[in-house]
Each structure stands twice: as structure tokens, then as C-alpha cells.
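S.K.: In our numbering, the protein residues as written are 18 to 235. Can you keep this structure in mind? I'll have questions shortly.
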Ligand code: E4P
């Protein structure tokens with residue numbers, strides 16, 4: 018499974034990219050707002066950091082024509098920009114028009130399998146089902162990932178399932194087990210994936226024994 022980071026925080030992206038842990042970045046209007054920066058400036062910096070890997074930047078228009086125009090403008094920032102459009106009727110029209118021009122499109126705010134089916138037929142490169150937001154209203158976000166993976170496999174759609182709105186380490190593990198192509202995860206959560214109490218306990222005991230041995234490596 019590819020791992021994208023879901024943020025517009027360039028410091029966090031730089032650290033993760035240097036470690037080779039991420040295969041792409043997703044942003045949205047709320048994350049851009051949180052960065053406090055201009056969308057063109059911050060997306061350009063992220064695209065440079067990611068060296069050709071996909072960086073999703075989202076349109077904010079609501080009609081197809083304007084979404085297409087915004088998408089084309091965002092695409093001018095760098096060749097690795099993926100245009101993100103919402104899963105609305107107009108969003109699907111914009112997806113078709115942009116993908117028809119060879120532009121990669123991430124269709125976002127997906128909450129049902131039927132929405133995902135339409136996005137694939139519209140030429141989406143990625144579909145972003147939001148797991149956490151479904152769990153928030155007592156529905157099963159992971160069941161949606163399962164349904165979409167099955168439907169796309171049944172009909173051999175090329176659209177990649179990009180598990181989004183990930184809130185827990187279990188979300189990451191379950192998305193990988195189900196066969197989501199990508200999970201986009203906030204930077205803090207990626208860091209937390211390293212944690213295990215037995216790792217901490219084991220390390221503390223190794224270091225204590227090493228101290229007793231009086232040995233040195235450097
Ligand atoms: C995906 O591309 C979205 O940016 C994101 O995953 C939304 O997550 P949230 O529901 O935690 O805001």
C-alpha cells in the first residue's frame with residue numbers, strides 16, 4: 018500500500034520525504050487554511066519536496082466549468098499536481114474533462130460505493146472514501162473501503178482506492194489488509210505507527226545492560 022501524508026505542513030512533509038516513508042501528499046482547503054499560506058506558494062513548495070510524486074490540490078468552485086478552470090490553473094504549479102474535485106455531479110463532469118486532458122484527478126468526499134462507481138467511470142485516478150467521518154456518525158468507514166475495492170476488482174477499473182480521513186493506527190492496518198491502493202494519513206499518526214510498549218521496554222533493558230557492560234561503540 019502506498020502511504021500519502023495528509024497535510025500542508027511543509028516541515029512535516031520534508032522530514033517524512035527525507036525518510037522515504039511517503040509516496041505522495043494530499044491537501045484540502047481546510048489544511049491549506051491551517052498552514053496560513055497562499056495555496057500556490059505552499060503547493061509549489063510541497064511539489065518541489067516530493068520530486069515528481071503526486072500532490073493533491075483541491076478546487077473550490079462548485080460548477081464544472083469553474084472547477085475545470087481552477088484545476089488547469091492548479092496544474093500549472095507543477096507537473097506532479099493531482100487535481101482534487103468533490104464528488105458532486107459537477108465534480109464528475111470536471112473529472113471527465115480534466116482526465117480527458119491527461120490530468121490526474123482525485124475525487125474526494127466519497128461516502129458511498131455508488132459514488133465510487135461513478136467516479137471510476139468519470140476517469141478518476143484516485144477515489145477518496147472518508148473513513149473517519151463515516152465512523153463519526155456510527156457507520157462503518159472500513160466496510161466502504163472493502164466494498165469499493167471489491168467493485169473495482171470485479172470490473173477491473175484502474176482508479177486507485179485512496180483511503181482518507183484516517184484517524185487511527187487500526188485504520189491504516191485495516192486499509193492495507195483490505196487492499197486499498199493508498200492511505201493518506203496525518204503526519205502525527207504516521208509517527209505514532211512506530212510506537213509499541215514492548216519496543217520501549219526492550220530498548221530500556223538493552224540500554225541498561227549495555228551501561229553495566231561498560232562497553233563503547235563510538
Ligand atoms: C483527504 O484527502 C482529506 O484531506 C482528509 O483525509 C480528510 O480527513 P478528516 O476527515 O480528518 O478531515
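Just so you know, even glycine gets a beta-carbon here, dropped at the ideal spot from N, CA and C.
(1) Using only CA atoms, which one of 18, 193, 72 and 137 lies nearest to residue 173?
(2) Give, in chain order, every unbroken run of the beta strand (DSSP E) that is at least 3 residues long and sits entirely within the region 126-165.
(3) Could you have a look at residue 41 and say whether DSSP puts it in helix, strand or coil?
(4) For residue 113, which residues from the same chain have a beta carbon less than 6 angstroms from its beta carbon, with the 5 sequence-adjacent residues on both sides left out?
(5) Taking 7 angstroms as the cut-off, does the CB of residue 181 come closer than this to any heavy atom belonging to ligand 1?
(6) Can you tell me whether residue 8 sits near ligand 1, meaning its C-beta is under 7 angstroms from at least one heavy atom of the ligand?
(7) Within 10 angstroms of its Cβ, does residue 214 collect 16 or more other Cβ (buried), or is it exposed?
(8) Label residue 122 either buried or exposed according to how many other C-beta atoms from any shown protein chain fall within 10 Å of its C-beta, with 16 as the threshold for buried.
(9) With distance defined between alpha-carbon atoms, name the residue in 38, 85, 29 and 83 nearest to residue 62.
(10) In whole angstroms, give me the CA-to-CA distance for residue 222 and residue 233.
(11) Buried or exposed for residue 276, please, with buried defined as at least 16 other CB atoms from any protein chain shown within 10 angstroms of its CB.
M.R.: Based on what the coordinates show:
(1) Comparing Cα positions, the closest option is 137.
(2) 143-146
(3) strand
(4) 139 and 140
(5) Distances between the C-beta of residue 181 and the heavy atoms of ligand 1 include at least one below 7 angstroms.
(6) Since the first and last residues shown for the chain are 18 and 235, residue 8 lies out of range.
(7) exposed
(8) Buried, since its Cβ has 16 or more Cβ neighbours within 10 Å.
(9) 29
(10) 17 angstroms
(11) Given that the chain is displayed from residue 18 to residue 235, the structure contains no residue 276 and the question cannot be resolved.
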